Amino acid sequence: MLSKKQARAFFLGGTLVTFLVFIGLTIYSFSKGQDQSNYGEITEQVVRGKNIWETNNCMGCHTILGEGAYYAPELTKVIDRRGEGYIKAVLMSPVPWGPNGRKMVAYGMSDQEAEDVIAFFDWIDDIDLNGFDTVVSPLAKDKVNN
Amino acid sequence: MKYKSQKVAYWFFALSMLLLTLQITYGFIMGFARIGFDNLHEFIPFNTARAVHTNLLVVWLLSGFMGAAYYIIPEEAQRELVNVKLAYVQLISLALVGVVAIIGFHFNIWEGRKFLEIPRPLDYLVVVNVLLFLGLILTTLFKGKRQTTTALVLSMGLLFAALLYLPGMLPFDSQVMDSFFRWWVVHLWVEGVWELIMGGILSFLLIKLTGVDREVIEKWLYVIVGLTFLSGVLGTGHHYYYIGVNKIWIIVGGIFSALEPLAFLAMALFAVNMYRKGEKKHPNKLALYWTLGAAIVSFVGAGLLGFAHTLPQTNLYTHGTLVTAMHGHLAFWGAYGMIVIAIISYSLPNMTGRKLYESSIGRAAFWCANIGMIGMTVAFGVAGVAQVYLERKFKMDFMAVQNEISIHFVVLVLCASLFTLGVVFYIIDFYKHGLPTDEALEEGNL
């Protein structure tokens, strides 16, 4: 029968081993040859766009890379689906955008700010998502099927 | 109650109950918005309500864990808390940081990162607050007459929870890296170190309520927390399947996520077996209900529903849908909400001296809250599965799908009302116990 000492060794040993493997896999994931996110293509404009995304808590309604609040549409591949003009109109709208009855906060962004957010979406669109992009975007799915 | 300083726990529990009430209020704002009644949009848009709802969840649970530690550690270490005044300072500063953060959310002051919305300057205050808490708890523990496994596991959970807050404060230019390390905080909290806290509290409660030998209970505690880390640390990979990192996480995350229910199953079996084995029949039946309930509901919510949602083949379709909300609600409630309520139910009569062990309002609170939460989970689940099929399989437009599934949110609000009724009953019962008093000290400790 298992003793308390053995149970403690199982806890401490198991934790240590799995944590070391976890750290190793993290380092491996972000090593140069394994990058799937086009990290080198992150420009200052993309970073500004990400900053706007965060400071307005867009993730509090939308999802991106499948993460967020499921209240408003997924924005991965949104440029494919809607086009830049539509996105700019939404971001720059001085009144709450809500053509389908669900309102978005009226951010009234400047042209530059809207361009920054679009640059951020554009960078997101080129990330290799292990197949998730084909599920969230009808256009991407069509590309795969054809 | 054995030590006067344990009374400080009462105020952490009272803060917990207050914040839970507020959390539910903001949950209703979101529920109604999803049905189409978004009348508060101008003042409380959905993203504000959502940030308040999730952050209050974290803070009321943390306040409950802290209260649990202030109650359990002196009793386990067999000495008074080293400094009661500082514990009250810590309580007030925790409440202030929480209130300032929540007010800030209403004025677009946040970080906009799910679960970690608190703005950076307040993060530093959180760190100071938690350091103060840990200082008090660990000093009490190591100055005490004994360091039990229960106390060590609980303290280790609290210490790691504090350390794991730090990766969430790292700035990244890449959304992928941001997301990757955000899960170090959120996942390793809820499917890692918080389970140590839950295990520590559960062990304390089972020792007190069943009378089973401490050595037996603590041996199994090690096995359970061992299983938790063995599966949970690499199980973090289920958040990495589809966010733009290497496919290796699909394999590693898939395997270890599938093992995660084992820890919760072990916890449920452990609690039920200890109850059966126990010869001591503690009169505090309500505490027993909540204790066994936490072990069983967490297995269903966190274990089974988590397993169903995180299989890579399923998650490809359910990632980023309401299926996550289904799993999240029952998992948080079962694993952490119920264990906090269990320790409150056990300690409250001991701190106030009012032995209201078998009140009908207490039983009604248990059943209404749990049936309500199960109903909410089903409503989220039906809405989520419908969303997956319509949006991801049949490629319908997002809002067209949302309109189709809005009826399930009417059901959700109805079930949430039953859940709220249960919480209201519980708070009435809490209030009826009165305030903590030194007169409640056990004989021999006066």
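Protein chains in written order, with numbering that gives the first Met the number 0: chain X, 0 to 145; chain R, 0 to 445. Every residue, glycine too, gets a C-beta built ideally from N, C-alpha and C. Note that the structure is predicted; figures quoted are calculated from it, not measured.
In three-state terms, what does DSSP make of residue i?
i: glutamate 75 of chain R; result: helix
i: glutamate 110 of chain R; result: coil
i: threonine 419 of chain R; result: helix
i: glycine 32 of chain X; result: helix
i: isoleucine 338 of chain R; result: helix
i: threonine 75 of chain X; result: coil
i: glutamate 259 of chain R; result: helix
i: glycine 277 of chain R; result: coil
i: glycine 66 of chain R; result: helix
i: glycine 39 of chain X; result: helix
i: glycine 100 of chain X; result: coil
i: glutamate 438 of chain R; result: helix
i: glutamate 66 of chain X; result: strand
i: serine 2 of chain X; result: coil
i: leucine 355 of chain R; result: coil
i: alanine 139 of chain X; result: Unreliable placement is indicated for alanine 139 of chain X, whose pLDDT of 49 sits below 50; the coordinate value is still reported in the next sentence. Reduced to three states, the DSSP call for alanine 139 of chain X is helix.
i: tyrosine 241 of chain R; result: coil
i: methionine 176 of chain R; result: helix
i: isoleucine 43 of chain R; result: coil
i: arginine 145 of chain R; result: coil
i: lysine 394 of chain R; result: coil
Please state whether the Cβ-Cβ distance between residue i and residue j is less than 8 Å.
i: asparagine 129 of chain X; j: lysine 246 of chain R; result: yes
i: leucine 329 of chain R; j: aspartate 428 of chain R; result: no
i: alanine 368 of chain R; j: valine 422 of chain R; result: yes
i: threonine 149 of chain R; j: tyrosine 221 of chain R; result: no
i: isoleucine 147 of chain X; j: isoleucine 86 of chain X; result: Chain X is shown from 0 up to 145; residue 147 of chain X falls before or after that span and cannot be answered.
i: valine 340 of chain R; j: tyrosine 425 of chain R; result: Here the sequence assigns isoleucine to residue 340 of chain R, which means valine is not the residue at that position. Cβ atoms of isoleucine 340 of chain R and tyrosine 425 of chain R: closer than 8 Å.
i: phenylalanine 64 of chain R; j: isoleucine 242 of chain R; result: no
i: leucine 169 of chain R; j: leucine 226 of chain R; result: no
i: alanine 286 of chain R; j: tyrosine 345 of chain R; result: yes
i: valine 296 of chain R; j: glycine 333 of chain R; result: yes
i: glycine 277 of chain R; j: phenylalanine 255 of chain R; result: no
i: histidine 238 of chain R; j: histidine 186 of chain R; result: yes
i: leucine 133 of chain R; j: leucine 151 of chain R; result: no
i: arginine 391 of chain R; j: valine 134 of chain X; result: yes
In the DSSP assignment, find the unbroken alpha helix (DSSP H) run with residue i in it and report its ends.
i: cysteine 367 of chain R; result: 359-386
i: proline 460 of chain R; result: An answer regarding residue 460 of chain R cannot be provided, because it is not within the stretch 0 to 445 covered by chain R.
i: aspartate 124 of chain X; result: 110-124
i: glutamine 5 of chain R; result: First-last for glutamine 5 of chain R: undefined, no H or E at that position.
i: proline 120 of chain R; result: 119-142
i: valine 46 of chain X; result: 43-54
i: threonine 323 of chain R; result: 321-330
i: methionine 451 of chain R; result: Here chain R covers residues 0 to 445 and nothing more, so residue 451 of chain R does not appear.
i: glutamate 194 of chain R; result: 193-209
i: histidine 61 of chain X; result: Here histidine 61 of chain X belongs to no alpha helix (DSSP H), and DSSP marks it neither H nor E.
i: isoleucine 216 of chain R; result: 213-234
i: lysine 87 of chain X; result: 83-91
i: phenylalanine 298 of chain R; result: First-last for phenylalanine 298 of chain R: undefined, no H or E at that position.
Quick one: using the 10 Å Cβ neighbour count with 16 as the cut-off for buried, is residue i buried or exposed?
i: serine 136 of chain X; result: buried
i: tyrosine 27 of chain X; result: exposed
i: glutamate 217 of chain R; result: buried
i: phenylalanine 298 of chain R; result: buried
i: lysine 76 of chain X; result: buried
i: glycine 102 of chain R; result: It should be pointed out that residue 102 of chain R corresponds to isoleucine in this sequence rather than to glycine. By the 10 Å Cβ count, isoleucine 102 of chain R comes out exposed.
i: arginine 7 of chain X; result: buried
Spatial neighbours of residue i within its chain, please: CB distance less than 6 Å, with the 5 preceding and 5 following residues excluded, ordered by chain position.
i: threonine 419 of chain R; result: Ile23
i: alanine 113 of chain X; result: Lys87, Leu90, Met91
i: asparagine 444 of chain R; result: Here asparagine 444 of chain R scores only 48 on pLDDT, less than 50, and its place in the model is too uncertain to base an answer on.
i: alanine 267 of chain R; result: Ala294, Ile295, Phe298
i: valine 129 of chain R; result: Ala161
i: glycine 13 of chain X; result: none
Relative to the ligand ZN, is the shortest distance from any of its heavy atoms to the C-beta of residue i smaller than 7 Å?
i: proline 260 of chain R; result: As far as ligands go, the structure on display features none, and thus does not contain the ligand ZN.
Between which residues of its own chain and residue i is the CB-CB distance below 7 Å, once the five residues before and five after are set aside?
i: threonine 313 of chain R; result: Ala307
i: glutamate 438 of chain R; result: Gly352
i: leucine 303 of chain R; result: Pro260
i: alanine 100 of chain R; result: Asn54, Ile117, Leu121
i: lysine 144 of chain R; result: Ala76, Gln77, Arg78
i: proline 51 of chain X; result: As written in the sequence, residue 51 of chain X is isoleucine, which differs from the proline given in the question. For isoleucine 51 of chain X, where only same-chain residues beyond five positions count, the Cβ hits under 7 Å are Glu112, Asp115, Val116.
i: lysine 142 of chain X; result: Model confidence at lysine 142 of chain X stands at a pLDDT of 45, short of 50, so the residue's coordinates are unreliable; what they give is reported in the following sentence. Here the set comprises nothing.
i: phenylalanine 263 of chain R; result: Ser297, Phe298, Ala301, Gly302
i: leucine 417 of chain R; result: Cys367, Ile370, Gly371, Gly374
Which same chain residues, not among the five before or five after residue i, have their C-beta less than 8 Å away from its C-beta?
i: glutamate 66 of chain X; result: Met58
i: leucine 11 of chain X; result: none
i: threonine 20 of chain R; result: Val422, Ile426
i: alanine 13 of chain R; result: Phe429
i: leucine 124 of chain R; result: Ser92, Val96
i: phenylalanine 120 of chain X; result: Gly48, Leu74, Val77, Ile78, Ile86
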